[in-house]
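Q:
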Amino acid sequence: MGKKSRVKTQKSGTGASTVVSPKEMMNLISELLQKCSSAAPSAGKEWEEYIQIRGLVEKIRKKQKGLSTVFEGSREDYFSDLMSWAQENGASCDGFTVANFESEGYGLRATRDIKAEELFLWVPRKMLMTVESAQNSLLGPLYSQDRIMQAMGNVTLALHLLCERANPSSFWLPYIHSLPQEYDTPLYYQQDDVQLLLGTHAVQDVLSQYKNTARQYAYFYKLVQTHPAASKLLLKDSFTFDDYRWAVSSVMTRQNQIPTEDGSRVTLALIPLWDMCNHTNGLITTGYNLEDDRCECVALQDYKENEQIYIFYGTRSNTEFVIHNGFFFQDNAHDRVKIKLGVSKSERLYAMKAEVLARAGIPASCVFALHCNESPISAQMLAFLRVFCMTEEELKDYLLGDRAINKIFTLGNSEFPVSWENEIKLWTFLENRAALLLKTYKTTSEEDRSLLEKPDLSLHSRLAIQLRLAEKQILEKASATGRAKRLHFQKKLEDGAALPRFEESDIALLENNDTDAKLPIILRKLEEVEESQGTRAEEHLLNGEKLTCETGTEANGDTEQDETRKRDAGSAGSSEQREQTETADLSANRTEDNPKE
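Spelled out as structure tokens, the structure:
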């Protein structure tokens, strides 16, 4: 590949602390594992727990200073090797090159004009790092005996990446050299940066991501040092927290789902070269060609020579982008804030409300999202709020009245109110709820804007404040929309306006309109955010409990969700299982719903 001197890894010994005995390090690791595996803290104690865990991690990092594997030279020095390696192994390299785009970092730049929908990039399977390639590597014996690795593909990829990085003859070394040496995910934030997120809706996911990553590191450190199947692993002599944090962030920012060779299921993969593309708004343009056994990407739009080539990562919120990808996307048309709503079981009408909701396919308690676009609430949330605000008579009408079953179809349709009074109640509730949530922040939007004008603000502080401000703007818009809708329906009531009535012929309107708010509630997928099953699997296994979850979900405790899926991918530990592929046709599985560079 050339540049052999740069391919060497080195142990940076400068500034290393005094030698730490294996026993002393193992005691610290055991303490960290115990702390991270203890019961979840009570409400309001999460920050205190984070401080304690971070203190232990910093103590370990100090004793491991100078032991992490580093590469000579800069990342940019290895891009020519990456392109040569890709070309030698059957990937397309004509039409683009890797370039630095300043604030956006490295990406792909067109070296010729590229037409929209033109196939310009493909990467064969043999170049991909997958769970299967991990099983076929030196990691295989350990994988076959460890249930956490079997249950969490993202963890397996992180360890696979570390093992290959430590191997000077690894097939993937040109790719690994091209990866960033550090990331901007919250795992790299200073404590003061994380503190800026206190009071936000994102902070719990950030704290969970850190805790889960620390727990995983402690678990695998002990496993690598003591398990017979790990005796031949090259990372046995040097496996630092910084190493694992790097591997977790590499996977978290890049992993995607692709079909297995026989197309029977999906697996996780890192896709070299393609993962250099940066994100913009648009549509999924990447798929997997099973016949040619390669990942393929067509151009999202026309690109002129020297323009940057973008892809669309998926309908992700800025919380997901910041936590799992390390960037804030200013023009995010899919930004949203999670909001948990539920009918109290102590309420007198609970049983009736729960039944109406059940008929509409909605739980009596779940997490919805307030959106940044013109309509802040989805059809599902509108339906929930209508039922939530129903009187006893209205509930009876939807349970026992004429055409009760057909009326369920109208719950998520903005054109068919239950009553003017019901509309006034639900929009008043939204107005007040959003206003109350805004009061939980420690700063105002104006103060955040002033902070962002400071030229000496660090990148990580800027990301935290941008995310905090974006949440407030969504809540402010939701509250303003609630007020405007409330006044609108009060005027309807005062004017004695006739209430629109649903007729059988209106079912065509419900089924064929593209607008989300017009769709029958039971025909759409609920945007409920559940605790990641992958995280539960990890916690059960670490505590010696029987594994009861599906092993197809990799997660770490952060709840990152696209409208149509539950992602995480998280820190080989984070949460969210990303729906990087749409599996209606595995021969054209899409792989872009996962942020890359």
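Using my numbering, the first residue of the sequence shown is number 476, and each one after it goes up by one. Every residue gets a Cβ at the ideal spot worked out from N, C-alpha and C, and that includes glycine.
(1) To the nearest angstrom, how far is the alpha carbon of Glu922 from that of Gln670?
(2) Nearest by alpha-carbon distance to Pro747: which of Trp902, Ser936, Leu583 is it?
(3) Using CA atoms only, rank isn't needed, just tell me which of Glu506, Lys929, Lys947, Glu521 is closest to Arg690.
(4) Report the CB separation of Ile467 from Val678 in whole angstroms; it is logged as a contact under 8 Å.
(5) Need the endpoints of the alpha helix (DSSP H) that Pro649 sits in, please.
(6) Just curious, the alpha helix (DSSP H) that Asn781 is in, first and last residue?
(7) What are the boundary residues of the beta strand (DSSP E) that includes Asn764?
(8) Excluding the 5 residues preceding and the 5 following Tyr785 in the sequence, name in chain order all residues of the same chain whose CB lies nearer than 7 Å to its CB.
(9) Does the pairing of the region 857-867 with the region 960-974 give three or more beta-carbon distances under 8 Å?
(10) Would you list, in sequence order, the uninterrupted alpha helix (DSSP H) runs of no fewer than 4 residues that lie entirely inside the region 656-704?
(11) Grab me the residues of Leu617's own chain with a C-beta within less than 6 Å of its C-beta, minus the 5 sequence neighbours each way, in chain order.
(12) If you follow the alpha helix (DSSP H) that Ser724 is part of, which residue opens it and which one closes it?
(13) Taking Val532 as part of the beta strand (DSSP E), name the residues at either end of that continuous run.
(14) Rank Gln610, Tyr581, Asp667 by C-alpha distance to the C-alpha of Leu932 and give the top, closest one.
(15) Which ranges would you report for the alpha helix (DSSP H) in the region 549-617 if only whole runs of at least 4 residues count?
(16) Between Glu1025 and Ser894, what straight-line distance do the alpha-carbon atoms span, to the nearest angstrom?
(17) Which residue's Cα is closest to the Cα of Ser549: Asn575, Thr735, Ile535?
(18) Where Asn535 and Ser840 are concerned, what is the direct C-alpha to C-alpha distance, given to the nearest angstrom?
(19) Using a Cβ-Cβ cut-off of 6 Å (strictly less than) and excluding sequence neighbours within five positions of Glu1020, which residues of its own chain qualify?
(20) When the Cα atoms are used, what is the spatial distance from Phe554 to Arg740?
(21) What does the Cβ neighbour count give for Leu875, buried or exposed, with the cut at 16 atoms within 10 Å?
(22) Classify Pro930: buried if its beta carbon has 16 or more other beta carbons within 10 angstroms, exposed otherwise.
(23) Any idea which residues DSSP pairs Ile733 with across the strands?
(24) Which residue comes first and which comes last in the beta strand (DSSP E) that contains Thr919?
(25) Just the Cα atoms here: how many angstroms apart are His1015 and Ala833?
(26) Output the boundary residues of the alpha helix (DSSP H) element that contains Val797.
(27) Tell me whether the beta-carbon of Leu870 lies closer than 8 Å to the beta-carbon of Lys828.
(28) Could you give the first and the last residue of the continuous beta strand (DSSP E) run that contains Ile852?
(29) Mind reading off the beta-carbon distance from Leu636 to Ser725? Whole number of angstroms is fine, and I expect it under 8 Å.
(30) Can you grab the Cα-Cα spacing for the pair Ala909 / Ala945, in whole Å?
(31) Compute the Euclidean distance between the alpha carbons of Ala591 and Asp777, then round it to the nearest angstrom.
(32) If you draw a straight line from the C-alpha of Thr742 to the C-alpha of Thr761, how long is it?
(33) On the DSSP bridge assignment, give the partners of Glu771 in chain order.
(34) Please go through the same chain and pick out, in chain order, the residues whose beta-carbon is closer than 6 Å to the beta-carbon of Phe977, but skip the five residues on each side of it.
(35) Per DSSP, which one or two residues make a beta bridge with Val494?
(36) Nearest to Asp659 by CA position, among Ser936, Arg943, Leu950, is which residue?
A: This is what the structure gives:
(1) Along the sequence shown, read from residue 1 onward, the residue named residue 922 stands at position 447. Along the sequence shown, read from residue 1 onward, the residue named residue 670 stands at position 195. Cα to Cα, Glu922 sits roughly 16 Å from Gln670.
(2) Here residue 747 refers to the residue found at position 272 when the sequence shown is read from its first residue. Taking only the C-alpha atoms, the option nearest Pro747 is Leu583.
(3) By one-based count along the sequence shown, residue 690 stands at place 215. Minimum Cα distance to Arg690 is reached at Glu506.
(4) The first residue shown for the chain is 476 and the last is 1072, placing residue 467 beyond what the model contains.
(5) What you label residue 649 is simply residue 174 of the sequence shown in a count that begins at 1. Unbroken alpha helix (DSSP H) run through Pro649: 648-652.
(6) Position 306 of the sequence shown, counting from 1, holds the residue named residue 781. Unbroken run through Asn781: none, as it is neither H nor E.
(7) On the sequence shown, residue 764 is found 289 positions in, with the first residue counted as 1. Start and end: 761-764.
(8) Counting from 1 along the sequence shown, the entry for residue 785 is found at position 310. Around Tyr785: Cys752, Asn753, His754, Thr755, Leu775.
(9) Counting Cβ pairs under 8 Å, fewer than three are found: no touch.
(10) Secondary structure in the region 656-704: the alpha helix (DSSP H) runs of 4 residues or longer, each lying completely within the stretch, are 666-670, 678-701 in chain order.
(11) Taking the first residue of the sequence shown as position 1, residue 617 is located at position 142. Cβ within range, chain order: Ala704, Ala705.
(12) As a working mapping, residue 724 is identified with position 249 in the sequence shown. For Ser724, the enclosing alpha helix (DSSP H) has its first and last residue at 716-729.
(13) Within the sequence shown, residue 532 is the residue found at index 57, counting from 1. For Val532, no beta strand (DSSP E) encloses it; the enclosing alpha helix (DSSP H) starts and ends at 521-538.
(14) As a first step, residue 932 is located in the sequence shown; it is residue number 457 there, counting from the start. Nearest option by C-alpha distance: Asp667.
(15) Within the region 549-617, the complete alpha helix (DSSP H) runs of at least 4 residues are 554-563, 606-610.
(16) Counted from its first residue, the sequence shown places residue 1025 at position 550. Counted from its first residue, the sequence shown places residue 894 at position 419. Its pLDDT being 31, under 50, Glu1025 is placed unreliably in this model, and the coordinates cannot settle the point.
(17) Taking the first residue of the sequence shown as position 1, residue 549 is located at position 74. Its Cα nearest to that of Ser549, the residue Asn575 stands out among Asn575, Thr735, Ile535.
(18) Start at 1 with the first residue of the sequence shown, and residue 535 comes out as number 60. Start at 1 with the first residue of the sequence shown, and residue 840 comes out as number 365. Reading the sequence as shown, one finds Ile at residue 535 and not Asn. Going by the C-alpha atoms only, they are around 41 Å apart.
(19) For the purposes of this step, residue 1020 is taken as residue 545 along the sequence shown, with counting starting at 1. Because Glu1020 sits at a pLDDT of 40, beneath the cut-off of 50, its placement in the model cannot be relied upon, and the following sentence gives the value as read from the coordinates. Annotation for Glu1020: no residue places its beta carbon closer than 6 Å to its own, counting only its chain and skipping 5 residues before and after.
(20) For the purposes of this step, residue 554 is identified with residue 79 of the sequence shown, where counting begins at 1. For the purposes of this step, residue 740 is identified with residue 265 of the sequence shown, where counting begins at 1. So the alpha carbons of these two residues sit roughly 33 Å apart.
(21) Here residue 875 refers to the residue found at position 400 of the sequence shown. Answer is exposed; the Cβ neighbour count stays below 16.
(22) Sequence index remark: in the sequence shown, residue 930 carries index 455 (1-based). Flag for Pro930 reads exposed.
(23) Against the sequence shown, residue 733 aligns to sequence position 258. Residue pairing from DSSP places Ile733 in a beta bridge opposite Thr742.
(24) Working through the sequence shown from its first residue, we reach residue 919 at position 444. Thr919 -> no beta strand (DSSP E), and no H or E assigned at all.
(25) Mapped onto the sequence shown, residue 1015 falls at position 540. Mapped onto the sequence shown, residue 833 falls at position 358. With a pLDDT of 47 at His1015, under the threshold of 50, the modelled position of that residue is not reliable, and no figure is offered here.
(26) Locating residue 797 in the sequence shown gives position 322, where the first residue counts as 1. Boundaries of the alpha helix (DSSP H) around Val797: 793-800.
(27) The residue labelled residue 870 in the question sits at position 395 within the sequence shown. The residue labelled residue 828 in the question sits at position 353 within the sequence shown. Yes, they are a contact pair.
(28) As a position in the sequence shown, residue 852 is number 377, starting the count at 1. First-last for Ile852: undefined, no H or E at that position.
(29) The residue you call residue 636 lines up with position 161 of the sequence shown. The residue you call residue 725 lines up with position 250 of the sequence shown. With a Cβ gap of about 6 Å, Leu636 and Ser725 count as contacting.
(30) Translated into the one-based positions of the sequence shown, residue 909 becomes position 434. Translated into the one-based positions of the sequence shown, residue 945 becomes position 470. In this model, Ala909 and Ala945 are separated by some 14 Å (Cα to Cα).
(31) For this step, residue 591 is matched to residue 116 along the sequence shown. For this step, residue 777 is matched to residue 302 along the sequence shown. C-alpha separation (whole angstroms): 4 Å.
(32) Here residue 742 is taken as the residue at index 267 of the sequence shown, counted from 1. Here residue 761 is taken as the residue at index 286 of the sequence shown, counted from 1. In a straight line, the C-alpha of Thr742 is about 16 Å away from that of Thr761.
(33) Your numbering for residue 771 matches position 296 in the sequence shown. According to DSSP, Glu771 bridges with Trp597, Gly762.
(34) Along the sequence shown, one-based indexing puts residue 977 at 502. Within the same chain, Thr885, Phe891 come within 6 Å of Phe977 by CB-CB distance, once the 5 residues on both sides are set aside.
(35) Here residue 494 refers to the residue found at position 19 when the sequence shown is read from its first residue. BP columns for Val494 are empty, so no partner.
(36) Counting from one through the sequence shown, the residue named residue 659 turns up at place 184. Scanning Ser936, Arg943, Leu950 for the CA closest to the CA of Asp659 turns up Ser936.
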